[in-house]
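Participant: In order, the protein sequences belong to chains A and B. Mapping of the first sequence onto the numbering used here: residues 1 to 441, in sequence order. Mapping of the second sequence onto the numbering used here: residues 1 to 441, in sequence order. The beta carbon of each residue, even a glycine, is placed where N, CA and C say it ideally should be.
Protein chains: 2
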Amino acid sequence: MNMGRFERDLIRFPEAIDDEDYVIVTYYLETAMDIEKAANAFAAEQSTGTWQRVGYETDDLREKHGAKVIGIYPIPGECPQNLPSGTTMKEFGAGNRCIRASVLRLAFPHINFGPKIPNLLTAVAGNLYEMGSFTAIKLIDIEFPDSYLKDFTGPRFGVKVCRDILGVYGRPLIGAIIKPCVGLSAERLAELAYQGAKGGLDFIKDDELLADTTYNSIKDRVKHVMAALKRADEEKGEKTMYAFNITDRLDRVKELHDIVVENGGNCVMLNAATIGLEAMRELAEYTEVPIHCHRDFAPMWARSPYLGISFPALTKLFRLCGADQIHCGAIQGKLYETDEEVVTNMRACTLEFGGIKDAMPVSSGGQWAGKSPVNARKIGHYDFLHLSGGGIYAHPDGAEAGARSVRQAWDAVLKGIRLEDYAKEKRELARAIEHFGSVIY
Amino acid sequence: MNMGRFERDLIRFPEAIDDEDYVIVTYYLETAMDIEKAANAFAAEQSTGTWQRVGYETDDLREKHGAKVIGIYPIPGECPQNLPSGTTMKEFGAGNRCIRASVLRLAFPHINFGPKIPNLLTAVAGNLYEMGSFTAIKLIDIEFPDSYLKDFTGPRFGVKVCRDILGVYGRPLIGAIIKPCVGLSAERLAELAYQGAKGGLDFIKDDELLADTTYNSIKDRVKHVMAALKRADEEKGEKTMYAFNITDRLDRVKELHDIVVENGGNCVMLNAATIGLEAMRELAEYTEVPIHCHRDFAPMWARSPYLGISFPALTKLFRLCGADQIHCGAIQGKLYETDEEVVTNMRACTLEFGGIKDAMPVSSGGQWAGKSPVNARKIGHYDFLHLSGGGIYAHPDGAEAGARSVRQAWDAVLKGIRLEDYAKEKRELARAIEHFGSVIY
């Protein structure tokens with residue numbers, strides 16, 4: 001019986017470790033190797049060792065610098081081969097052994113890498129991903145001691161200050177991504193920002209595909225956009241935050257940040273995975289405005305069940321590196337995650353994390369007014385940023401109407417009224433439902 | 001008949017594009033959508049568009065900034081669902097459509113992102129990886145026009161200068177990774193470097209897990225190592241290159257480079273994927289010594305057949321970003337790639353690439369003397385760096401003997417003598433074969 005087999009095979013090595021000295025990482029692993037041998041090979045590969053034990057690798061060195069196996073949890077059943085394994089497949093064939101899954105917990109002495117993101121990633125997510133003898137390797141969680149976290153700034157602003165800047169409480173922040181993604185002049189884009197802001201948006205952002213370009217520079221954009229938002233803010237009596245995408249060559253990021261801040265900009269954005277998490281961490285030490293963290297490129301690290309880093313773990317890393325707002329996927333959207341996975345990503349933005357501030361989770365991807373109820377129900381609280389792109393900018397009556405439709409939808413949600421009923425008196429919401437389809441509850 | 005179906009379904013859109021204005025990317029794609037619709041949605045998502053066509057997206061804007069579909073090649077047969085697809089699976093179920101594969105070629109106008117690595121990655125490998133409607137997305141090739149390449153430094157030194165520095169021609173460079181990976185003092189590590197160099201190594205490197213640490217700083221290490229190598233070089237009458245791993249916080253990389261150069265170091269190393277490709281590109285503009293590019297973390301982007309970036313494409317990117325030496329996997333090693341895949345990665349180091357210099361490919365992972373013949377046969381030339389870790393440092397008679405064993409193995413290969421025969425007169429090689437196992441031809 002499988003359950004019995006699971007019980008019998010349960011192995012733990014609660015090696016006596018001083019928690020403050022270690023970063024603890026949990027992996028999902030598939031291998032045809034003996035799981036105890038595999039766990040030790042895995043720990044060695046990522047710390048002191050190699051495929052051959054070296055003579056002068058002393059016990060003292062292993063004790064101080066070796067990764068420790070602190071838990072092995074075999075999973076019942078057999079697995080197919082889920083990743084290519086090069087020439088090591090010959091080994092598998094020869095022994096005629098089956099592939100089995102397990103959850104492995106390793107403790108890495110942080111003296112090996114220090115409070116440095118690139119070196120941390122090399123230690124916990126480096127060479128092991130290419131080992132032919134592991135046919136699945138996914139980092140599913142990462143835990144840091146306070147002694148490690150204390151060297152990181154984390155988000156400078158967090159949820160509270162983002163709300164304070166806007167003066168918005170008791171409901172999600174409502175935002176938009178300007179569409180079309182690229183190709184607009186600074187003047188035209190500012191006009192679109194004005195329309196959205198006027199319609200009630202709290203937040204607007206550059207698409208991740210638009211940064212500092214020859215046809216629309218950050219300098220031009222921040223001037224035109226902030227002037228347009230000043231006008232909109234005065235007219236609506238509310239404030240608007242705009243995330244300028246300063247993803248660029250590394251030597252230009254701080255320069256672009258300064259241009260944004262000097263021209264009255266109130267938020268910057270980084271495509272954190274393409275520029276590198278370390279670049280965001282460095283900006284977090286410097287920034288004077290919140291950092292909006294876009295996740296493009298990172299789904300490549302996270303989407304396979306058999307390889308990479310889980311998104312909740314990655315969200316922790318984004319937060320460690322100073323993201324004030326983090327893309328967490330889309331509730332009922334067009335992305336690959338289930339709603340439950342999105343909610344788990346969001347939890348990683350706010351769970352207790354030593355002295356590191358919380359970050360505001362972002363629900364984005366295929367959103368429009370009619371998805372407000374399902375966002376509210378699935379997420380279960382209002383501390384998030386609800387972002388629409390086409391759902392606002394492709395509203396049949398334009399961006400201002402698009403923004404109004406989402407504000408109206410959230411008014412209805414907060415009042416406990418069905419959107420279709422509320423839409424009887426709210427033209428923009430009615431038109432959105434007519435155009436985009438059924439409301440999702 | 002499948003072949004007939006393939007012929008019938010072949011679609012091409014050779015849109016008239018000016019090659020100089022576009023970066024051309026080839027993807028492997030699986031989707032249940034109509035492939036032509038999917039290709040256009042894909043192109044829109046990564047350039048001007050979103051899930052909803054926006055009214056003011058003009059034809060002129062699309063013409064200038066939109067990604068162009070320049071080839072669609074449907075693959076015969078049906079696919080299982082190879083990646084999770086969130087709530088979009090409902091769509092698939094409803095229509096009861098099968099998932100089909102295709103190869104898709106897209107042309108991205110580089111005016112959208114400019115000669116900037118993070119923005120390039122966002123454009124070609126950004127949001128599309130999280131689209132639920134694509135159940136496999138792998139970037140398999142990327143081609144750049146000269147007008148784009150001209151803004152990149154590429155490798156400063158390349159194969160020729162790396163050889164000139166050492167004065168080694170007509171055979172592979174022979175190198176080692178110091179083991180144990182971490183935990184050694186600078187003095188102890190320098191002593192091990194001396195032993196290896198004395199035994200005939202051309203090249204030695206820090207393990208990717210060792211960088212600038214509290215117990216062994218770059219400053220101490222470069223002093224001790226370079227003094228030890230000076231001694232070894234005088235004694236052996238040959239030169240040795242040492243790659244110091246300066247992967248660190250971004251604001252320390254150039255400082256560490258300077259420490260290496262000022263103390264006589266002749267090579268620096270970066271874990272390019274964990275620190276970010278852009279960080280290497282920036283260093284390439286600045287460096288005075290060759291850059292050794294370690295690939296740890298990148299297998300997470302490359303190993304799944306259904307997600308990410310192929311390693312040959314990634315190798316091109318490493319080269320574009322200035323790597324003089326690039327890890328390409330291991331021939332008959334412990335990694336996930338077949339030998340043929342490793343050889344393809346290696347080709348990407350040297351193929352014609354506009355004005356960008358070539359890079360020296362590195363074969364590393366589970367290597368020792370007895371794998372020299374198979375490396376020679378499979379790679380088919382000698383312009384590569386053959387790196388062993390445990391295969392040298394775990395030699396039963398120590399590192400000097402380990403280094404000698406690999407030099408002897410290559411002498412035998414160059415002379416066309418079987419290693420077992422050559423070993424009759426060469427004790428170190430004999431001991432290696434005795435210890436590590438059978439020679440692979």
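Going by beta carbon distance, what residues of the same chain come within less than 7 angstroms of Val439(A), once the five residues before and after it are set aside?
Facilitator: Locating residue 439(A) in the first sequence gives position 439, where the first residue counts as 1. Excluding positions up to five away in sequence, the list reads Gly370, Pro373, Leu419, Glu420 and Ile433.
Participant: I want to see whether chain B comes within less than 7 angstroms of Pro84(A), judged by CB atoms only; does it?
Facilitator: For the purposes of this step, residue 84(A) is taken as residue 84 along the first sequence, with counting starting at 1. Yes, Pro84(A) counts as interfacial toward chain B.
Participant: Evaluate contact between the stretch 338-347 of chain B and the stretch 390-409 of chain B, counting only Cβ atoms and requiring at least three cross-stretch pairs below 8 angstroms.
Facilitator: Output reads no: the stretch 390-409 of chain B does not touch the stretch 338-347 of chain B.
Participant: Just checking: is the beta-carbon of Lys116(B) within a distance shorter than 7 angstroms of some beta-carbon in chain A?
Facilitator: For this step, residue 116(B) is matched to residue 116 along the second sequence. Yes, Lys116(B) counts as interfacial toward chain A.
Participant: Residues in the stretch 332-350 of chain A with C-beta within 9 angstroms of chain B's C-beta atoms, listed in sequence order?
Facilitator: Within the stretch 332-350 of chain A, the residues whose Cβ lies closer than 9 angstroms to some Cβ of chain B are Gln332, Gly333, Lys334, Leu335, Tyr336, Glu337, Thr338, Asp339, Glu341 and Val342, listed in chain order.
Participant: From Pro396(A), Leu209(A), Thr58(A) and Gly437(A), pick the residue whose C-alpha is nearest to that of Asn119(B); which is it?
Facilitator: Mapped onto the second sequence, residue 119(B) falls at position 119. Asn119(B) has its Cα closest to that of Leu209(A), out of Pro396(A), Leu209(A), Thr58(A) and Gly437(A).
Participant: Taking the beta strand (DSSP E) that Tyr382(A) falls in, what are its first and last residues?
Facilitator: Within the first sequence, numbered from 1, the residue matching residue 382(A) stands at position 382. First-last for Tyr382(A): undefined, no H or E at that position.
Participant: Quick one: any contact between the stretch 21-28 of chain A and the stretch 124-140 of chain A, if contact means 3 or more CB pairs under 8 angstroms?
Facilitator: Counting Cβ pairs under 8 angstroms, three or more are found: they touch.
Participant: Using the C-alpha atoms, what's the distance from Arg431(B) back to Asp411(B)?
Facilitator: What you label residue 411(B) is simply residue 411 of the second sequence in a count that begins at 1. What you label residue 431(B) is simply residue 431 of the second sequence in a count that begins at 1. The alpha-carbon atoms of Asp411(B) and Arg431(B) are separated by roughly 16 angstroms.
Participant: Let's test the definition: count the other Cβ atoms within 10 Å of the Cβ of Pro299(A) and tell me whether it reaches 16, buried, or not, exposed.
Facilitator: As a first step, residue 299(A) is located in the first sequence; it is residue number 299 there, counting from the start. With 16 or more other Cβ atoms within 10 Å, it is buried.
Participant: Quick one: residues in its chain with C-beta nearer than 7 angstroms to the C-beta of Val222(A), no 5 flanking neighbours on either side, listed in chain order?
Facilitator: By 1-based counting over the first sequence, the position of residue 222(A) is 222. Cβ neighbours of Val222(A) beyond the five flanking positions: Phe244, Ile259, Val260, Asn263 and Gly265.
Participant: Which residue spans inside the stretch 48-135 of chain A form an unbroken alpha helix (DSSP H) run of at least 4?
Facilitator: Fully enclosed alpha helix (DSSP H) runs of 4 or longer: 59-65, 89-95 and 117-125.
Participant: Closest Cβ-Cβ distance between Met33(A) and chain B: below 7 angstroms?
Facilitator: Taking the first sequence and counting its residues from 1, the one referred to as residue 33(A) is at position 33. False, the Cβ-Cβ gap to chain B never drops below 7 angstroms.
Participant: Beta-carbon within less than 6 angstroms of Met360(A)'s beta-carbon, same chain only, minus the 5 sequence neighbours each way: which residues are those?
Facilitator: In the first sequence, counting from the first residue as 1, residue 360(A) sits at position 360. The answer, listed in chain order, is Val159, Cys162, Gln325 and Leu385.
Participant: Listing by chain order, which chain C residues have their CB less than 7 angstroms from the CB of Asp296(B)?
Facilitator: This model lacks chain C altogether; the protein chains it does include are A and B.
Participant: Strictly under 7 angstroms for the Cβ-Cβ distance: is Ile356(A) near chain B by that measure?
Facilitator: Within the first sequence, residue 356(A) is the residue found at index 356, counting from 1. Chain B, which has no Cβ nearer than 7 angstroms to the Cβ of Ile356(A), makes this no.
Participant: Are the beta-carbon atoms of Leu317(B) and Leu283(B) separated by less than 7 angstroms?
Facilitator: Residue mapping note: residue 317(B) aligns to position 317 of the second sequence, counting from 1. Residue mapping note: residue 283(B) aligns to position 283 of the second sequence, counting from 1. No.
Participant: How big is the Cα-Cα spacing for Asp397(B) and Ile70(B)?
Facilitator: Here residue 397(B) refers to the residue found at position 397 when the second sequence is read from its first residue. Here residue 70(B) refers to the residue found at position 70 when the second sequence is read from its first residue. In a straight line, the C-alpha of Asp397(B) is about 59 angstroms away from that of Ile70(B).
Participant: Taking C-beta to C-beta, are Ala43(A) and Ala67(A) nearer than 7 angstroms?
Facilitator: As a first step, residue 43(A) must be located in the first sequence, where it is residue number 43. As a first step, residue 67(A) must be located in the first sequence, where it is residue number 67. The answer is yes: Cβ separation under 7 angstroms.
Participant: Pull out every residue of the stretch 303-327 of chain A whose Cβ sits closer than 9 angstroms to any Cβ of chain B, in chain order.
Facilitator: Flagged, chain order: Arg303, Ser304, Pro305, Tyr306, Leu307, Gly308 and Ile309.
Participant: From the beta carbon of Asp248(B), is the nearest beta carbon of chain A less than 7 angstroms away?
Facilitator: On the second sequence, residue 248(B) is found 248 positions in, with the first residue counted as 1. So, interface residue.
Participant: Please identify, using Cβ separations under 7 angstroms, the residues of the stretch 263-290 of chain A that lie next to chain B, in order along the chain.
Facilitator: Residues Asn271, Thr274, Ile275, Gly276, Glu278, Ala279 and Glu282.
Participant: Measuring only the C-alpha atoms, how far is Cys328(B) from Ile379(B)?
Facilitator: In the second sequence, counting from the first residue as 1, residue 328(B) sits at position 328. In the second sequence, counting from the first residue as 1, residue 379(B) sits at position 379. For Cys328(B) and Ile379(B), the distance between alpha carbons rounds to 11 angstroms.
Participant: Along the beta strand (DSSP E) that carries Tyr242(B), what are the first and last residues, could you check?
Facilitator: Counting from 1 along the second sequence, the entry for residue 242(B) is found at position 242. Here the beta strand (DSSP E) through Tyr242(B) covers Met241 to Asn245.
Participant: Which residues of the stretch 191-220 of chain A have a Cβ closer than 9 angstroms to any Cβ of chain B? Give them in chain order.
Facilitator: Result list: Leu192, Asp207, Glu208, Leu209, Leu210, Ala211, Asp212, Thr213, Thr214 and Tyr215.
Participant: Per DSSP, Lys205(B) forms a beta bridge with which residues?
Facilitator: For the purposes of this step, residue 205(B) is taken as the residue at position 205 of the second sequence. Ile177(B) and Ala243(B).
Participant: Ordered along the chain, which non-local residues of its own chain (more than five positions away) have a Cβ less than 6 angstroms from that of Phe311(B)?
Facilitator: What you label residue 311(B) is simply residue 311 of the second sequence in a count that begins at 1. So the list reads Ala302 and Asn345, once near-sequence residues are dropped.
Participant: Hey, Gly355(B) and Lys150(B) are a contact pair by Cβ (cut 8 angstroms); roughly how many whole angstroms apart?
Facilitator: By one-based count along the second sequence, residue 355(B) stands at place 355. By one-based count along the second sequence, residue 150(B) stands at place 150. Correct: roughly 6 angstroms between the Cβ atoms.
Participant: If you run the structure through DSSP and keep just helix, strand and coil, what is Ile331(A)?
Facilitator: Here residue 331(A) is taken as the residue at index 331 of the first sequence, counted from 1. Residue state, collapsed to three classes: coil.
Participant: Which residue from Gly126(B), Ala399(B), Ala330(B) and Lys254(B) puts its Cα closest to that of Ala279(B)?
Facilitator: The residue you call residue 279(B) lines up with position 279 of the second sequence. Ala279(B) has its Cα closest to that of Lys254(B), out of Gly126(B), Ala399(B), Ala330(B) and Lys254(B).
Participant: Is it buried or exposed for Ala94(A), if we count other Cβ within 10 angstroms and need 16 for buried?
Facilitator: Stepping through the first sequence from its first residue, residue 94(A) is reached at position 94. Caution applies to Ala94(A), whose pLDDT of 45 falls short of 50 and renders its modelled position unreliable; the value that the coordinates give is listed next. Label assigned to Ala94(A): exposed.
Participant: For Asn271(A), which residues does DSSP report across the bridge?
Facilitator: Numbered from its first residue, the first sequence carries residue 271(A) at position 271. Answer by DSSP bridge pairing, in chain order: His294(A).
Participant: Residues in the same chain with beta-carbon distance under 7 angstroms from Asn112(B), minus the five sequence neighbours each way, listed in chain order, please.
Facilitator: Locating residue 112(B) in the second sequence gives position 112, where the first residue counts as 1. Hits under 7 angstroms: Ser47, His65 and Ala123.
Participant: Run through chain B and tell me which residues come within less than 7 angstroms of Gly132(A), C-beta to C-beta.
Facilitator: By one-based count along the first sequence, residue 132(A) stands at place 132. By Cβ distance, chain B contributes Lys334, Leu335 and Tyr336.
Participant: Tell me whether Tyr129(A) is buried or exposed, calling it buried when 16 or more other Cβ atoms sit within 10 Å of its Cβ.
Facilitator: Counting from one through the first sequence, the residue named residue 129(A) turns up at place 129. With 16 or more Cβ atoms within 10 Å of its Cβ, Tyr129(A) is classed as buried.
Participant: Taking DSSP as the reference, what is the three-state secondary structure of Arg431(A)?
Facilitator: The residue you call residue 431(A) lines up with position 431 of the first sequence. Helix, per DSSP.
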